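Residue numbers (our numbering): 0 to 104.
In this text, a Cβ means the ideal position worked out from N, Cα and C, and glycines have one as well.
Only a predicted model underlies this, so the values are computations on that prediction, with no experimental measurement involved.
Please read the structure below before turning to the comments.
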């Protein structure tokens, strides 16, 4: 075996090892991204349920002018708005990613 053949074999082995490592991490991160996406979708479902529940409570008229009750009502309203804002942020990020993928295709 000549020196050139040995160098070519070593380069081929190095390329195979590097490709194997890159493939492993690509699959590992792909699975991780899929798990994160599933978790976010489940969280959005929970946020949607909470938003509906809070919106129903806020539709009920107040029969007391107590400052504490008004404060709780205001806190619920702000919480409802925060839930909606979080859902919009998460959905907008996914829409941007989908739009970018569609443009590249």
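- Nearest to residue 46 by alpha-carbon distance, out of 32, 78, 33 and 17, is 78.
- Under the 10 Å beta carbon count, residue 71 is surrounded by fewer than 16 other beta carbons and is classified as exposed.
- Under the 8 Å Cβ criterion, the region 33-52 counts as touching the region 83-102, having at least three qualifying pairs.
- Distance from residue 76 to residue 57 at the Cβ level is roughly 6 Å; contact confirmed, criterion being Cβ atoms closer than 8 Å.
- Cβ contact annotation for residue 23 (same chain, cutoff 7 Å, sequence separation greater than five): none.
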